[in-house]
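Novice: Protein chains in written order, with the working numbering: chain A, 1 to 655; chain B, 1 to 102.
Before I ask anything, here is the structure I am working with.
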Amino acid sequence: MLTPALVLLLAPLAGFVIQYFAGRRLPRQGDWLTLLTIGTSLACAVSILLTALAEPVGFSHTVWSAAWMNPGAGDPWTVSITIDGLTAVMLFVVTLVAFLVHLFSVGYMHGDPKYWLFFAWLQMFSVSMLILVLAGNLLHLFIGWELVGLCSYKLIGFWSEKKAPGNASRKAFITTRIGDVGMLVAIMAIYAAVGSFEFPRIFAAAQQGLLSDGWMLVAALGVFFAAVGKSAQLPLHVWLPDAMEGPTPVSALIHAATMVAAGVYLVARMMPIFPPEALTVVAVVGGVTALMAGLIAVAQNDIKKVLAYSTVSQLGYMFLGLGCGAWHAGLFHLTTHAFFKALMFLGSGSVIHACHHEQDMRKMGGLLRKLPLTGITFGIGVLAIAGVPFLSGFYSKDAILAAAWHRFPVLFWLGLGSALLTAFYMTRLFVGTFLGKPKDQHVHDHAHEGPPTMTVPLLVLAVLSVVAGYGAWHTDLLAPPLGERAVGVIQRFDTVGDTAHFEHSGFVAMLATAAGALGLLLGLVVFRAISTAAKDALRRPLAPLEAACASKFWFDELYRDMFLRPAYALARLFSWSDGGVVDGAVNGAGALGRRGARVSGATDRHVVDGAVRGSGGLAWLLGGIASRLQGGRVRAYLGWSVAAVALFLVLRQVF
Amino acid sequence: MSLPLNAWLLLAAALFSVGVVTVLARRNAVAVLIGIELMLNAANINLVAFDRYGADGVRGQVFSVFVLAIAAAEAAVALAIILAVFDSRDRIDVDTIDSLKG
Chain A
1 MLTPALVLLL
11 APLAGFVIQY
21 FAGRRLPRQG
31 DWLTLLTIGT
41 SLACAVSILL
51 TALAEPVGFS
61 HTVWSAAWMN
71 PGAGDPWTVS
81 ITIDGLTAVM
91 LFVVTLVAFL
101 VHLFSVGYMH
111 GDPKYWLFFA
121 WLQMFSVSML
131 ILVLAGNLLH
141 LFIGWELVGL
151 CSYKLIGFWS
161 EKKAPGNASR
171 KAFITTRIGD
181 VGMLVAIMAI
191 YAAVGSFEFP
201 RIFAAAQQGL
211 LSDGWMLVAA
221 LGVFFAAVGK
231 SAQLPLHVWL
241 PDAMEGPTPV
251 SALIHAATMV
261 AAGVYLVARM
271 MPIFPPEALT
281 VVAVVGGVTA
291 LMAGLIAVAQ
301 NDIKKVLAYS
311 TVSQLGYMFL
321 GLGCGAWHAG
331 LFHLTTHAFF
341 KALMFLGSGS
351 VIHACHHEQD
361 MRKMGGLLRK
371 LPLTGITFGI
381 GVLAIAGVPF
391 LSGFYSKDAI
401 LAAAWHRFPV
411 LFWLGLGSAL
421 LTAFYMTRLF
431 VGTFLGKPKD
441 QHVHDHAHEG
451 PPTMTVPLLV
461 LAVLSVVAGY
471 GAWHTDLLAP
481 PLGERAVGVI
491 QRFDTVGDTA
501 HFEHSGFVAM
511 LATAAGALGL
521 LLGLVVFRAI
531 STAAKDALRR
541 PLAPLEAACA
551 SKFWFDELYR
561 DMFLRPAYAL
571 ARLFSWSDGG
581 VVDGAVNGAG
591 ALGRRGARVS
601 GATDRHVVDG
611 AVRGSGGLAW
621 LLGGIASRLQ
631 GGRVRAYLGW
641 SVAAVALFLV
651 LRQVF
Chain B
1 MSLPLNAWLL
11 LAAALFSVGV
21 VTVLARRNAV
31 AVLIGIELML
41 NAANINLVAF
51 DRYGADGVRG
61 QVFSVFVLAI
71 AAAEAAVALA
81 IILAVFDSRD
91 RIDVDTIDSL
101 KG
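Next comes the structure, spelled out in structure tokens:
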């Protein structure tokens, strides 16, 4: 499996390099080249997936590994490519969605002044995501983890000449970086305790109890905190809705299908080191996020914002599944969600494209006749996410709810509530956009279906949204690395036991279906059937809740007051102290230096020069006196000699 | 042996003093030369006297003969210098010859 894995990784990398440096000068600005490279990757991913399906359950191959650094103590740091069932599925999902998004972008980004650059960064993002997925150790994974963050930043801020995308990209980058601190802490804790970054070594250590409970909890919570940042869970979810400022294909690829799911992937990957307390935290955060984001989504008017909160909510679902020990279910939902959410995002992109970048659904309506293909595929996505039986969302959501039912009944009801909400707000979105009368005739008149490059991806994803659920019979493939051994670790904490039993429970399936159906029905009734007056009457008692939802539960305001204001105040304090104290000290030191120099200069001039001149002058003086003795008159010399002799004689007599 | 050594030494000292005073007091170069001769001969008296009253042998007297010979040579040279000075300056007052200073 080495060759396909390497080709898979290197093709888009080459695509990025060529596109970044020469894309602008290529014919058609190089879009065909990036399609070719990502298509190659997709073909490789398919071949790997087919190989993986033939492997026994729980297989894991490190197909390539190279030493990178040798720190002395502990294992050498390596860069390694590991392929197991989970990787194979992720590779398929990532490359497929990436390919379709590339294709969609050909139509969507047509005419953009930075058309070539957009494809370059899409390629780089694909490479980063593949690095992350293929990583065989934590350090390698961390590199991919940071790279996807960087590409996300570049792509959210792709139209950075406008103010909002620039701000949104910075917000996304900084918020996820806060989570990454947890990742670093976890990596360091694990390396300190185990002495290795390699997954098999870490899991073996966890299983043999080499990792003490304290270290394990720190590492697990650190990993989860990183996932909270990347997957936009409470309380770090605030960046994802703002990230919708990026081009819509980016939202579909990065902020719906792949990068935000990387957090789920990471937690699933590191599952064997999660003690029960940490799993409880994962489940609670996931469940609460699912419900809260669902509530917020109901009150949004921007199509993409609704979808963004829906994504947050669905990611919460995945964490709920993982936290309940049902990682098959969580990862299964990741896969199906990638398809139907990418479908809906691309569908919204098609709508936005058709309406000349109008995103407010209060100005849309009645678009089904104008955009039949987009409308129908979008409708399939809505039914899939709502959990209508025999569509993909039904199977994956059911599996999660079944696990919650066994493990945390309270969270089960939360999950059920958010399932109802999901169906409700999705109906609202669909009805508001595609049904009813056009609210803005101008927008409506100009709406038109996009070129085939935009509609084909929608069709492919719609088909996948329907059939991906039948992958349920292959969820063994999603068994995380080490298969049986890792399951053993989980079972230590899991009173319910075998996770496979979660998946089919008639009662839960019935409840979930009923909730979804109720949501759809309620949505249709409220937004389609009843009159505006009746709707207003219905809204009045719910006004406070609506206000809370519309303002997103004041998270942004809370963070502004809690972190930004103090940070600005602190910055002002520092600026003042810099200007007053530090600059003062520096200036003072300078002045002191000048004064010292002046003193030293004066000393030099007067004392040292004085001494030098003085000694010269003294010599001059003495020389003058002595020279007077040397009058040149021989008699005087003789006189001095006689006087000297006489003096000696006298002295001799005296002493 | 009637006279003691001290008498000769006193004579020599007196003669030497006269020579010194002559050299210091007179301005005439020839007189200065005469003073020098006096001092040389005072030394000669001392040499001869010590020889006469001292150990056996005639070394002191031989010394005095050497001194006489050197005095003659010195007088010849000094007189030649004085003549040369007189030729160039028309006078032989030693106080006016002060070009020896550094």
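The C-beta atom is built at its ideal place from N, Cα and C for all residues, glycine as well.
Looking only at its chain, what residues have a beta carbon closer than 7 Å to the beta carbon of Leu-42 of chain A, apart from the 5 residues adjacent to it on each side?
Specialist: As a position in the first sequence, residue 42 of chain A is number 42, starting the count at 1. Within the same chain, Leu-42 of chain A has close Cβ partners Thr-95, Leu-96 and Phe-99.
Novice: Label Met-39 of chain B either buried or exposed according to how many other C-beta atoms from any shown protein chain fall within 10 Å of its C-beta, with 16 as the threshold for buried.
Specialist: Taking the first residue of the second sequence as position 1, residue 39 of chain B is located at position 39. It counts as buried.
Novice: Could you name the residues of the same chain whose beta carbon sits closer than 6 Å to that of Gly-323 of chain A, not counting the 5 residues immediately before and after it, in chain order?
Specialist: Counted from its first residue, the first sequence places residue 323 of chain A at position 323. So the list reads Leu-279, Val-282, Ala-283 and Gly-286, once near-sequence residues are dropped.
Novice: Less than 8 Å between CB atoms is the rule here; does Val-18 of chain B satisfy it with respect to chain A?
Specialist: Numbered from 1 along the second sequence, position 18 holds the residue referred to as residue 18 of chain B. No - not a single Cβ of chain A is within 8 Å of the one on Val-18 of chain B.
Novice: Taking the C-alpha atoms as reference points, what is the distance between Leu-117 of chain A and Gly-144 of chain A?
Specialist: Your numbering for residue 117 of chain A matches position 117 in the first sequence. Your numbering for residue 144 of chain A matches position 144 in the first sequence. Rounded to whole angstroms, Leu-117 of chain A and Gly-144 of chain A show a C-alpha spacing of 21 Å.
Novice: Restricting to runs no shorter than 4 residues, where is the alpha helix (DSSP H) found entirely within the stretch 297-350 of chain A?
Specialist: 303-323
Novice: Pairing CB atoms from the stretch 570-587 of chain A with CB atoms from the stretch 249-266 of chain A, are three or more of them under 8 Å?
Specialist: no
Novice: Counting along the chain, where does the alpha helix (DSSP H) carrying Val-58 of chain B start and finish?
Specialist: One-based indexing of the second sequence puts residue 58 of chain B at position 58. Looking at the DSSP string, Val-58 of chain B is not in any alpha helix (DSSP H), and its letter there is neither H nor E.
Novice: Here's the rule: buried if 16 or more other CB atoms are within 10 angstroms of the residue's CB, otherwise exposed. What is Thr-603 of chain A?
Specialist: For this step, residue 603 of chain A is matched to residue 603 along the first sequence. Thr-603 of chain A is exposed by the Cβ-count criterion.
Novice: Just the Cα atoms here: how many angstroms apart are Gln-233 of chain A and Ser-251 of chain A?
Specialist: As a position in the first sequence, residue 233 of chain A is number 233, starting the count at 1. As a position in the first sequence, residue 251 of chain A is number 251, starting the count at 1. Cα to Cα, Gln-233 of chain A sits roughly 17 Å from Ser-251 of chain A.
Novice: Here's a check: name, in chain order, each residue in its chain whose Cβ is nearer than 7 Å to the Cβ of Phe-225 of chain A, leaving out the five neighbours to either side.
Specialist: Walking along the first sequence from the start, residue 225 of chain A turns up at place 225. Only Gly-179 and Gly-182 meet the Cβ criterion.
Novice: Between Ala-500 of chain A and the rest of its own chain, which residues show a CB-CB distance below 7 Å, the 5 nearest in sequence each way excluded?
Specialist: In the first sequence, residue 500 of chain A corresponds to position 500, counting from 1. Its pLDDT being 44, under 50, Ala-500 of chain A is placed unreliably in this model, and the value from its coordinates should be taken loosely. Counting only Cβ-Cβ distances below 7 Å, and skipping sequence neighbours, we find nothing.
Novice: Taking 8 Å as the threshold (C-beta atoms), are Ala-88 of chain A and Ala-52 of chain A in contact?
Specialist: By 1-based counting over the first sequence, the position of residue 52 of chain A is 52. By 1-based counting over the first sequence, the position of residue 88 of chain A is 88. For Ala-52 of chain A and Ala-88 of chain A, yes; Cβs fall inside 8 Å.
Novice: Between Ala-78 of chain B and Leu-33 of chain B, how many whole angstroms is the CB-CB distance? I'm expecting something under 8 Å.
Specialist: For the purposes of this step, residue 78 of chain B is taken as the residue at position 78 of the second sequence. For the purposes of this step, residue 33 of chain B is taken as the residue at position 33 of the second sequence. With a Cβ gap of about 5 Å, Ala-78 of chain B and Leu-33 of chain B count as contacting.
Novice: By Cβ distance below 7 Å, which residues in the same chain neighbour Thr-422 of chain A in space, the five residues on each side in sequence not counted?
Specialist: Here residue 422 of chain A refers to the residue found at position 422 of the first sequence. Once the five neighbours on either side are set aside, the close Cβ partners of Thr-422 of chain A are Gly-294, Ser-310, Ser-313, Ile-385, Ala-386 and Gly-519.
Novice: Any residues in the stretch 1-34 of chain B with a beta carbon nearer than 7 Å to a beta carbon of chain A? Which ones, in chain order?
Specialist: Val-20, Val-23 and Leu-24
Novice: Which same chain residues, not among the five before or five after Trp-8 of chain B, have their C-beta less than 7 Å away from its C-beta?
Specialist: By one-based count along the second sequence, residue 8 of chain B stands at place 8. So the qualifying residues of the chain are Ile-45 and Ala-49.
Novice: Whole angstroms is fine: what's the gap from Ala-66 of chain A's alpha carbon to Val-79 of chain A's?
Specialist: For the purposes of this step, residue 66 of chain A is taken as the residue at position 66 of the first sequence. For the purposes of this step, residue 79 of chain A is taken as the residue at position 79 of the first sequence. Approximately 5 Å between the Cα atoms of the pair.
Novice: Can you check whether the CB of Phe-434 of chain A is closer than 8 Å to the CB of Gly-375 of chain A?
Specialist: Taking the first sequence and counting its residues from 1, the one referred to as residue 375 of chain A is at position 375. Taking the first sequence and counting its residues from 1, the one referred to as residue 434 of chain A is at position 434. In this structure, Phe-434 of chain A lies closer than 8 Å to Gly-375 of chain A by Cβ.
Novice: For Ala-462 of chain A and Leu-343 of chain A, which I take to be in contact (beta-carbon distance under 8 Å), what is that distance rounded to the nearest angstrom?
Specialist: The sequence position of residue 462 of chain A within the first sequence is 462, counting from 1. The sequence position of residue 343 of chain A within the first sequence is 343, counting from 1. Right, the Cβ-Cβ distance comes to about 6 Å (below 8 Å), so this counts as a contact.
Novice: Indicate whether at least one CB of chain A lies closer than 8 Å to the CB of Asp-93 of chain B.
Specialist: Position 93 of the second sequence holds residue 93 of chain B. No, Asp-93 of chain B lies away from the interface with chain A (no Cβ there is under 8 Å from its Cβ).
Novice: Using a Cβ-Cβ cut-off of 6 Å (strictly less than) and excluding sequence neighbours within five positions of Asp-31 of chain A, which residues of its own chain qualify?
Specialist: In the first sequence, residue 31 of chain A corresponds to position 31, counting from 1. The answer, listed in chain order, is Val-106 and Phe-119.
Novice: Using a C-beta cutoff of 8 Å, does Val-642 of chain A count as contacting chain B?
Specialist: On the first sequence, residue 642 of chain A is found 642 positions in, with the first residue counted as 1. Chain B contact via Cβ: present.
Novice: By the three-class DSSP mapping on this structure, what secondary structure does Glu-198 of chain A have?
Specialist: In the first sequence, counting from the first residue as 1, residue 198 of chain A sits at position 198. Here Glu-198 of chain A carries a strand assignment [DSSP, helix/strand/coil].
Novice: For Glu-161 of chain A, does the count of other Cβ atoms within 10 angstroms reach 16, so buried, or fall short, so exposed?
Specialist: What you label residue 161 of chain A is simply residue 161 of the first sequence in a count that begins at 1. By the neighbour-count rule (16 or more Cβ atoms within 10 Å), Glu-161 of chain A is not buried but exposed.
Novice: Helix, strand or coil for Asp-84 of chain A, going by three-state DSSP, please let me know.
Specialist: Here the question's residue 84 of chain A lines up with position 84 in the first sequence. Note: Asp-84 of chain A maps to strand in three-state DSSP.
Novice: Is there a Cβ of chain A sitting closer than 8 Å to that of Ser-64 of chain B, yes or no?
Specialist: Reading the second sequence from its first residue, position 64 is the one you call residue 64 of chain B. So no, Ser-64 of chain B is outside the interface.
Novice: Could you tell me if Arg-407 of chain A is buried or exposed, where buried requires 16 or more neighbouring beta carbons within 10 angstroms of its beta carbon?
Specialist: Here the question's residue 407 of chain A lines up with position 407 in the first sequence. Buried, by the Cβ-count rule.
Novice: Quick one: list the residues of chain B neighbouring Leu-638 of chain A, beta-carbon separation under 7 Å, in chain order.
Specialist: As a working note, residue 638 of chain A is residue 638 in the first sequence. Neighbours of Leu-638 of chain A on chain B, chain order: Val-23 and Leu-24.
Novice: Would you mind sorting Met-562 of chain A into buried or exposed? The rule is 16 or more other CB atoms within 10 Å of its CB.
Specialist: One-based indexing of the first sequence puts residue 562 of chain A at position 562. Under this definition Met-562 of chain A is an exposed residue.
Novice: Distance check for Val-634 of chain A and Gly-624 of chain A, CA to CA, integer angstroms please.
Specialist: On the first sequence, residue 624 of chain A is found 624 positions in, with the first residue counted as 1. On the first sequence, residue 634 of chain A is found 634 positions in, with the first residue counted as 1. For Gly-624 of chain A and Val-634 of chain A, the gap between their C-alpha atoms comes out near 19 Å.
Novice: Less than 6 Å between C-beta atoms, sequence neighbours within five positions excluded: which residues of the same chain meet that for Leu-49 of chain A?
Specialist: Here residue 49 of chain A refers to the residue found at position 49 of the first sequence. Cβ within range, chain order: Ala-88 and Phe-92.
Novice: In terms of residue numbering, what span does the alpha helix (DSSP H) encompassing Ser-641 of chain A cover?
Specialist: Here residue 641 of chain A refers to the residue found at position 641 when the first sequence is read from its first residue. It spans 634-654 - the alpha helix (DSSP H) in which Ser-641 of chain A sits, taken as one unbroken run.
Novice: When you compare each of A:Met-361, A:Phe-319, A:Pro-249 and A:Leu-401 to Lys-341 of chain A by their alpha carbons, which one comes out closest?
Specialist: To locate residue 341 of chain A, count along the first sequence from 1; it is residue 341. Of A:Met-361, A:Phe-319, A:Pro-249 and A:Leu-401, the residue nearest in Cα terms is A:Pro-249.
Novice: Put Met-270 of chain A into one of helix, strand or coil per three-state DSSP.
Specialist: As a position in the first sequence, residue 270 of chain A is number 270, starting the count at 1. Looking at Met-270 of chain A - three-state DSSP - the assignment turns out to be coil, as it is neither helix nor strand.
Novice: Closest by CA to Trp-121 of chain A, which one among A:Glu-449, A:Leu-103, A:Ala-205 and A:Gly-15?
Specialist: Looking up residue 121 of chain A in the first sequence gives position 121. Comparing Cα positions, the closest option is A:Gly-15.
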